[in-house]
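Here the structure comes first, spelled out in structure tokens, and everything after it is commentary.
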Amino acid sequence: MTGEQVQLELTVPSTAENIPLVRHAVAGFLDGQALSEALASDVLLAVTEACTNVVQHAYRDGSGRDEPEIELTAEYASSALTISVRDRGRGFAPRVDSPGLGLGLPVIAALTQNVEIRPFPPSGTEVVMTFALEVAT
Amino acid sequence: MTGEQVQLELTVPSTAENIPLVRHAVAGFLDGQALSEALASDVLLAVTEACTNVVQHAYRDGSGRDEPEIELTAEYASSALTISVRDRGRGFAPRVDSPGLGLGLPVIAALTQNVEIRPFPPSGTEVVMTFALEVAT
Amino acid sequence: MQERDSGSHPQFERRQVEEVVTELRIKGELDIGSADALRQALDSAEAEGAIVRLDASDVLFLDSTALGVLLASAQRLSARGGRLELMNASPAVRRILDMTLIARTVHLIP
Amino acid sequence: MQERDSGSHPQFERRQVEEVVTELRIKGELDIGSADALRQALDSAEAEGAIVRLDASDVLFLDSTALGVLLASAQRLSARGGRLELMNASPAVRRILDMTLIARTVHLIP
Ligand SMILES: Nc1ncnc2c1ncn2[C@@H]1O[C@H](COP(=O)(O)OP(=O)(O)O)[C@@H](O)[C@H]1O
Ligand SMILES: Nc1ncnc2c1ncn2[C@@H]1O[C@H](COP(=O)(O)OP(=O)(O)O)[C@@H](O)[C@H]1O
Chain U
1 MTGEQVQLEL TVPSTAENIP LVRHAVAGFL DGQALSEALA SDVLLAVTEA
51 CTNVVQHAYR DGSGRDEPEI ELTAEYASSA LTISVRDRGR GFAPRVDSPG
101 LGLGLPVIAA LTQNVEIRPF PPSGTEVVMT FALEVAT
Chain G
1 MTGEQVQLEL TVPSTAENIP LVRHAVAGFL DGQALSEALA SDVLLAVTEA
51 CTNVVQHAYR DGSGRDEPEI ELTAEYASSA LTISVRDRGR GFAPRVDSPG
101 LGLGLPVIAA LTQNVEIRPF PPSGTEVVMT FALEVAT
Chain P
1 MQERDSGSHP QFERRQVEEV VTELRIKGEL DIGSADALRQ ALDSAEAEGA
51 IVRLDASDVL FLDSTALGVL LASAQRLSAR GGRLELMNAS PAVRRILDMT
101 LIARTVHLIP
Chain E
1 MQERDSGSHP QFERRQVEEV VTELRIKGEL DIGSADALRQ ALDSAEAEGA
51 IVRLDASDVL FLDSTALGVL LASAQRLSAR GGRLELMNAS PAVRRILDMT
101 LIARTVHLIP
């Protein structure tokens with residue numbers, strides 16, 4: 001370990017019950033870093049929203065996958081924390097019948113320095129969230 | 001003009017009536033390029049959604065700006081079309097009282113190869129949409 | 001088991017229903033710039049009866065704002081036992097309709 | 001001009017109102033994993049009266065899914081002339097409340 005770049009990788013079944021588990025894992029990962037409490041809680045909220053979207057939307061209408069999963073990578077470099085949440089679901093698609101309030105993506109966008117949404121081949125979605133770290137010398 | 005990279009830049013007052021105008025300008029810009037009709041109409045839809053969000057959300061509660069504007073840049077390179085929609089509004093923020101159905105961002109994400117949302121300093125929002133072009137020789 | 005029984009001895013009933021359908025033909029682009037006009041046109045059509053059929057032959061563009069207006073109308077109509085139908089949608093218009101699965105609320109006529 | 005007049009000669013009325021408030025203290029993290037439990041707890045509280053006060057002292061986390069549950073409850077209560085109140089929100093909880101301006105629907109008690 002050089003202390004330059006620290007990584008977390010996590011794959012869990014895509015279920016509602018696993019959302020707190022993922023959040024706690026990320027919290028543990030962040031604990032090792034010098035993050036302000038406010039930033040850490042923003043990160044946990046954004047991660048939760050992204051993972052909740054996987055559970056609610058990605059594998060709807062049983063997209064062929066036997067074992068729907070959430071994949072998460074967190075990477076902590078000197079100036080930014082980057083967290084990617086991926087699924088192998090049906091791909092990003094709007095829903096007029098969403099059970100949610102439509103606040104997930106806006107909350108993520110409001111909390112992050114940058115959010116990217118893109119296909120995750122062959123058919124899933126990747127949401128990459130970047131958080132600017134406080135200036136660290 | 002080398003034909004390698006073609007650009008469109010556009011700044012219009014942020015009003016509902018200007019949305020078709022922006023769309024038509026982009027349509028005109030795309031006309032010069034070899035895009036399939038299906039891709040072109042996806043682009044126009046995504047652009048419309050992003051600009052509509054500026055009109056509906058960016059300058060709400062009069063964010064100090066005398067002349068709220070939508071700024072758009074379209075850049076056509078050999079393998080991708082990149083369109084950036086920017087505002088100088090209050091910054092991205094979720095709304096439980098949004099008048100919309102919450103379909104704008106999801107529609108954009110579904111239509112694009114990649115969408116990025118990020119702050120546009122000092123206080124606005126930039127939405128960068130990338131469309132993969134059909135393989136052109 | 002009653003259901004099973006009637007399942008194996010199917011019965012058919014046929015009747016004719018007279019429906020009054022209000023057709024509304026729309027020409028132009030439907031977005032936030034024309035959403036109010038669309039809303040008003042639908043309001044007037046709804047006042048004539050509970051079944052409204054939009055002819056979208058000449059709708060060149062339709063976005064999520066317009067979709068929201070259609071959806072609201074469809075919901076009002078179906079609450080009255082009616083429905084909103086949409087016919088002759090172009091490929092561009094179908095794209096957003098399909099994408100959002102709105103066909104569950106608005107009745108698409110191919 | 002009647003309004004102007006009463007404005008320049010202000011009148012005051014004071015009365016006492018007896019309210020029954022159902023307080024609900026929540027402990028834990030509120031997300032999609034606990035949304036059903038939250039919904040049920042609110043349902044039961046709503047059955048007791050039209051004013052429900054959540055004590056969020058021990059709510060360690062609250063996301064947009066939980067917010068949706070609160071909002072639905074707040075709307076049901078206010079339709080009955082009541083309200084949903086939330087007190088003792090931690091900074092992390094306040095963050096999402098402030099961000100979404102939910103305070104217009106849920107009454108925050110500082
Ligand atoms: N991982 C995903 N896979 C497929 N579709 C998604 C995914 N995440 C989000 N979406 C789509 O984006 C929409 C908006 O998401 P969001 O803003 O979180 O609101 P909500 O989940 O409340 O609908 C969802 O309704 C869904 O249609
Ligand atoms: N340019 C912007 N500036 C500020 N907030 C925005 C902007 N674009 C979108 N938003 C926020 O994101 C939310 C989701 O946008 P969208 O998916 O288009 O749904 P809708 O516009 O129907 O609410 C909006 O309700 C708003 O709170």
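Residue numbers (our numbering), protein chains in the order written: chain U, 1 to 137; chain G, 1 to 137; chain P, 1 to 110; chain E, 1 to 110.
Ideal Cβ placement from N, Cα and C applies to all residues, glycine included.
Endpoints, the alpha helix (DSSP H) within which residue i is located
i	result
residue 29 of chain G	18–31
residue 53 of chain G	37–53
residue 79 of chain P	64–79
residue 93 of chain G	Counting along the chain, residue 93 of chain G falls outside any alpha helix (DSSP H), and DSSP gives it neither H nor E.
residue 106 of chain U	104–111
residue 159 of chain E	Missing from the structure shown is residue 159 of chain E; chain E here goes from 1 to 110 and no further.
Cα-Cα separation between residue i and residue j, rounded to whole angstroms
i	j	result
residue 108 of chain E	residue 101 of chain U	20 Å
residue 49 of chain E	residue 79 of chain E	13 Å
residue 31 of chain U	residue 95 of chain E	20 Å
residue 130 of chain U	residue 81 of chain U	6 Å
residue 34 of chain U	residue 22 of chain G	45 Å
residue 2 of chain G	residue 120 of chain G	For residue 2 of chain G, the predicted structure reports a pLDDT of 46, less than 50, and the residue's modelled location is therefore unreliable. A value from the coordinates is still provided. Going by the C-alpha atoms only, they are around 30 Å apart.
residue 89 of chain E	residue 24 of chain E	13 Å
residue 28 of chain E	residue 51 of chain E	22 Å
residue 33 of chain E	residue 85 of chain P	39 Å
residue 53 of chain P	residue 87 of chain P	7 Å
residue 29 of chain G	residue 38 of chain P	28 Å
residue 106 of chain G	residue 71 of chain U	21 Å
residue 13 of chain U	residue 27 of chain G	44 Å
residue 39 of chain G	residue 46 of chain E	51 Å
residue 53 of chain G	residue 61 of chain P	17 Å
residue 137 of chain G	residue 79 of chain U	Here residue 137 of chain G scores only 40 on pLDDT, less than 50, and its place in the model should not be relied on; the value that follows carries that caveat. Looking at the two C-alpha atoms, the distance is approximately 39 Å.
residue 96 of chain U	residue 108 of chain G	14 Å
residue 74 of chain G	residue 66 of chain P	25 Å
residue 110 of chain U	residue 26 of chain P	38 Å
residue 6 of chain U	residue 76 of chain U	5 Å
For residue i, the first and last residue of its enclosing beta strand (DSSP E)
i	result
residue 82 of chain G	80–87
residue 91 of chain P	From DSSP, residue 91 of chain P is part of no beta strand (DSSP E) but of the alpha helix (DSSP H) over 91–100.
residue 19 of chain E	Element bounds for residue 19 of chain E: n/a, residue is neither H nor E.
residue 11 of chain P	Looking at the DSSP string, residue 11 of chain P is not in any beta strand (DSSP E), and its letter there is neither H nor E.
residue 74 of chain U	69–76
residue 7 of chain G	6–13
Ligand 2 heavy atom lying under 7 Å from the CB of residue i
i	result
residue 57 of chain U	no
residue 13 of chain G	no
residue 91 of chain G	yes
residue 100 of chain G	yes
residue 49 of chain G	yes
residue 45 of chain U	no
residue 104 of chain G	yes
Cβ-heavy atom distance, residue i to ligand 3, below 7 Å
i	result
residue 112 of chain U	Annotation note on ligand 3: not contained in the displayed structure, which lists ligand 1 and ligand 2 as its ligands.
Burial state of residue i, where buried means 16 or more other Cβ atoms lie within 10 Å
i	result
residue 18 of chain U	buried
residue 94 of chain U	buried
residue 68 of chain P	buried
residue 66 of chain G	exposed
residue 88 of chain G	buried
residue 86 of chain U	buried
residue 68 of chain U	buried
residue 42 of chain G	buried
residue 125 of chain G	buried
residue 11 of chain G	exposed
residue 24 of chain G	exposed
residue 82 of chain E	buried
residue 92 of chain G	buried
residue 63 of chain P	buried
residue 13 of chain E	exposed
Closer than 7 Å: residue i CB and nearest ligand 1 heavy atom
i	result
residue 53 of chain U	yes
residue 28 of chain E	no
residue 87 of chain U	yes
residue 104 of chain P	no
residue 20 of chain U	no
residue 94 of chain U	yes
residue 125 of chain U	yes
Exercise. Is there contact here, the stretch 99–108 of chain P with the stretch 15–25 of chain E, by at least three beta-carbon pairs under 8 Å?
Worked result: no
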